[in-house]
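See below for the structure under consideration.
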Amino acid sequence: MMASPGQTVALVIFGILALGFGTAVFRTKSMVRSALALLGSMAAVGGLFFALEAEFLGVLQLMMMATEMTIMAIFMVMFMMDPGGLGQMEMTHQKRASLTAGVVSGLIAIGLSTLSSWAPVVAAAPTPSAQLHDLGIELMSRSMLIFETAGLAILLAMIVATTIALKAEEKR
Numbered sequence: 001m002m003a004s005p006g007q008t009v010a011l012v013i014f015g016i017l018a019l020g021f022g023t024a025v026f027r028t029k030s031m032v033r034s035a036l037a038l039l040g041s042m043a044a045v046g047g048l049f050f051a052l053e054a055e056f057l058g059v060l061q062l063m064m065m066a067t068e069m070t071i072m073a074i075f076m077v078m079f080m081m082d083p084g085g086l087g088q089m090e091m092t093h094q095k096r097a098s099l100t101a102g103v104v105s106g107l108i109a110i111g112l113s114t115l116s117s118w119a120p121v122v123a124a125a126p127t128p129s130a131q132l133h134d135l136g137i138e139l140m141s142r143s144m145l146i147f148e149t150a151g152l153a154i155l156l157a158m159i160v161a162t163t164i165a166l167k168a169e170e171k172r
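If you're matching positions, the sequence shown starts at 1 in the numbering used here and goes up one per residue.
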């Protein structure tokens, strides 16, 4: 199944946005700007899911990232010396090693995606509505306990972290 011209344009635009915002995460020296760039990059990945007709994954990506960034902002305000995050700080470490690892990984990903034959995978892939149906069956059957347990663990961790921060603040 070939992508329509509109899908191709959307994939290119959201891909460029994801890469641009992803680059901005490491180029800025402000924690707040870095967090907003990360949110922009992850929102663009959500847009990629929508362009690929994976609406459930797109909505899940957007909801998950918005929640994660909110929690991160709360922790930044609670624990950082510069809660606004507007002060200049160094956001990267081991620059040469990380740059080398990123370039090598990118070249491997480009090579694998362009040199591999995707025809058998595309031919065997079910329609988007069948994928959504199968995902719903999976989530509501054997995976439900796993998701409920993970959600409860995350909620408990947020409550404990907030309680510890409040206790630390009272001692000051």
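Glycine included, every Cβ here is placed at the ideal spot set by N, Cα and C.
From the DSSP output, in three-state form, read off residue i for me.
i	result
Ala-54	coil
Gln-7	helix
Gln-131	helix
Ser-34	helix
Ser-41	helix
Met-189	With the chain covering only 1 through 172, there is no way to say anything about residue 189.
Ala-124	helix
Thr-28	coil
Met-140	coil
If I follow the unbroken alpha helix (DSSP H) through residue i, where does it start and stop?
i	result
Met-158	144-171
Lys-95	95-115
On a Cα-Cα basis, can you pick out the residue from the options that is closest to residue i?
i	options	result
Glu-170	Leu-52, Met-78 and Ile-13	Met-78
Val-25	Leu-38, Ile-16 and Phe-14	Leu-38
Gly-20	Phe-56, Gly-46 and Gly-40	Gly-40
Gln-131	Trp-118, Gly-47 and Leu-57	Leu-57
Gln-7	Glu-68, Ser-30, Leu-52 and Arg-142	Leu-52
Ile-154	Ser-30, Met-64 and Arg-96	Met-64
Pro-128	Leu-17, Phe-14, Phe-49 and Ala-161	Phe-49
Met-175	Ser-30, Lys-29 and Val-59	Because the chain spans 1 through 172 in this model, residue 175 falls outside it and cannot be assessed.
Val-9	Thr-23, Gly-47 and Thr-28	Gly-47
Ala-66	Ala-54, Ala-44 and Glu-55	Ala-44
Thr-162	Ile-74, Arg-33, Ala-35 and Val-122	Ile-74
Leu-36	Glu-55, Ala-54 and Thr-70	Thr-70
Thr-23	Phe-14, Ser-34 and Glu-68	Ser-34
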